[in-house]
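Student: Heads up: the sequence shown begins at 736 in the working numbering, then just goes up one per residue.
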Amino acid sequence: MTQFQTLHSQKLEIFSEAIEAFHLFARIEGRSPKTIKTYQDAFQDILNFVEGTVSLSQLTPGEFRRWIATRIDEGYAKSTINIRLRVLRTLFFWLTREGHIPASPLQHIKPLKVPQQYPYVLSELQAQALLRAINRHSWAGKRNWAMMLMFLDGMLRVSELINLDLGDVSLHAQSVHVRHGKGDKERVVFMGRKLTRAMQDWLQVRGHHIGEDRLFITRQGYKLTQRNVQRIIKRLAAKARIEGVRCSPHTLRHTGATLFIRNGGDPFSLQRLLGHSDISTTMIYVHMAGTALREAHAKASPVDRLLEG
């Protein structure tokens, strides 16, 4: 009998054992290493708070409210607390479903209210300057050009981009199959004419490297890491003299999403392209594009122009 079967066959009563059983379940279900790490951080936080061996019956709603209040007093970001609350909800939902507890102690505890924060985005001029900073004639330049356009046009997350394989790109269909999306969800995104041409140019010079099928690689033929990509963007931003905004892979994804809406794209299509499970997340970009519309109207107000002077 496996360790999971042993834990799963008996009713769980100790919190630490419940966490261990859930970790095994999450790995068997194929949760990504990043998701597992998020789980571990949340569970370790609550274990540190309760101290010692604690039974599931001792974890009352009041205990979790005390944990939340303590973390707020200690200066934890509300968004961090909410992420850990979400993880704990997942754990207790699983425990309830498997019959280890009658109900979740978190079912009546709401997420903390967090002020709406708009993501960093580049202006069109900044995005153009970043792209101009790329030497498109070198091997690395062709790769970087294709990567930057993929962030802006495909609106991928950095983890999705570095895990793309050669077979995920179809130049004929002008599409990219994202197999390693957030939450292990798959989706298809599309490439405009410029990105398709950039991808074609990159594939011509990429070369064949035995044992490495990743789309984007180093000059030595190894898979690019998130840190590699972040450094490339940081160097390009410095060369382009972009100031006043943090330039990162996520900034480029946000910029692409905002430009998609400004250029007439609809939020429901954008939701699918971004891989969002909740349309409210996507609507942030609609509000951001609305700011640009207000600025445009302020500059070109028909009545203001009619009544000038």
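Ideal Cβ placement from N, Cα and C applies to all residues, glycine included.
Taking only three categories from DSSP, how would you classify E786?
Tutor: If DSSP states are grouped into helix, strand and coil, E786 belongs with coil.
Student: Can you tell me whether V913 is buried or exposed, with buried defined as 16 or more other CB within 10 angstroms of its CB?
Tutor: So V913 ends up on the buried side.
Student: Where does R824 sit, in a helix, a strand or coil, going by DSSP?
Tutor: Helix, per DSSP.
Student: Excluding the 5 residues flanking A868 on each side, which residues of the same chain have their C-beta closer than 6 Å to its C-beta?
Tutor: Hits under 6 Å: L971, K974, A975.
Student: Around the Cβ of V849, are there at least 16 other Cβ atoms within 10 angstroms (buried) or fewer (exposed)?
Tutor: So V849 counts as exposed.
Student: Count the other CB atoms, across all protein chains shown, that sit within 10 Å of the CB of P840; report buried if there are 16 or more and exposed otherwise.
Tutor: It counts as buried.
Student: How far does the beta strand (DSSP E) with S910 in it reach, from first residue to last?
Tutor: Here the beta strand (DSSP E) through S910 covers 910-913.
Student: Here's a check: name, in chain order, each residue in its chain whose Cβ is nearer than 6 Å to the Cβ of I836, leaving out the five neighbours to either side.
Tutor: Once the five neighbours on either side are set aside, the close Cβ partners of I836 are L791, L830.
Student: What ranges does the beta strand (DSSP E) occupy inside the stretch 850-918, keeping only unbroken runs of at least 3 residues that lie completely in it?
Tutor: Entirely contained in the stretch 850-918, the beta strand (DSSP E) runs reaching 3 residues are, in chain order, 910-913.
Student: Determine which residues share a DSSP beta bridge with I749 and list them.
Tutor: DSSP, once it has assigned bridges, lists S790 as partnering I749.
Student: Pick helix, strand or coil for F925, following the three-state DSSP scheme.
Tutor: Residue state, collapsed to three classes: strand.
Student: Please classify H989: is it buried, with 16 or more other beta-carbons within 10 angstroms of its beta-carbon, or exposed?
Tutor: The residue is buried, with at least 16 neighbouring Cβ atoms inside 10 Å.
Student: Nearest CA to the CA of V822: which residue from W874, K769, R871, S1004?
Tutor: Among W874, K769, R871, S1004, the Cα nearest to that of V822 is on K769.
Student: Please work out which residues of its chain come closer than 7 Å, Cβ to Cβ, to L1009, disregarding the five sequence neighbours upstream and downstream, and give them in chain order.
Tutor: Correct list, in chain order: M890, A992, T1017.
Student: In chain order, what residues of the same chain have a beta carbon less than 8 Å from the beta carbon of P1002, not counting five sequence neighbours either side?
Tutor: These residues qualify, in order along the chain: I996, I1014, T1017, M1018, Y1020, V1021.
Student: If I measure Cβ to Cβ from M885 and keep anything under 7 Å in the same chain, skipping five residues before and after, which residues do I get?
Tutor: Cβ within range, chain order: L891, L896, L930.
Student: Assign K958 to one of three DSSP states: helix, strand, or coil.
Tutor: Residue state, collapsed to three classes: strand.
Student: Should T741 go down as buried or exposed, given a rule of 16 or more other Cβ atoms within 10 Å for buried?
Tutor: Summary for T741: the model assigns pLDDT 46, below 50, so the residue's position carries little reliability; its value from the coordinates is reported in the next sentence. With fewer than 16 other Cβ atoms within 10 Å, it is exposed.
Student: Which one of L887, T788, F799 has the shortest CA to CA distance from K845?
Tutor: When only C-alpha atoms are compared, the closest one is F799.
Student: Per DSSP, R949 is paired with what?
Tutor: R949 is bridged to D900.
Student: Do F828 and L794 come within 8 Å of each other at the CB atom, strictly closer than that value?
Tutor: Cβ atoms of L794 and F828: not closer than 8 Å.
Student: Helix, strand or coil for S767? Go by DSSP, reduced to three states.
Tutor: Reduced to three states, the DSSP call for S767 is coil.
Student: Measuring straight from C-alpha to C-alpha, what distance separates I807 and E752?
Tutor: Between I807 and E752, the C-alpha separation is close to 27 Å.
Student: Comparing C-alpha positions only, which one of K877, Q863, A908 sits nearest to F994?
Tutor: Note on identity: in this sequence residue 994 is Leu, with Phe being the wrong assignment. For the residues K877, Q863, A908, the minimum Cα distance to L994 belongs to Q863.
Student: Helix, strand or coil: which one does DSSP assign to N998?
Tutor: Coil.
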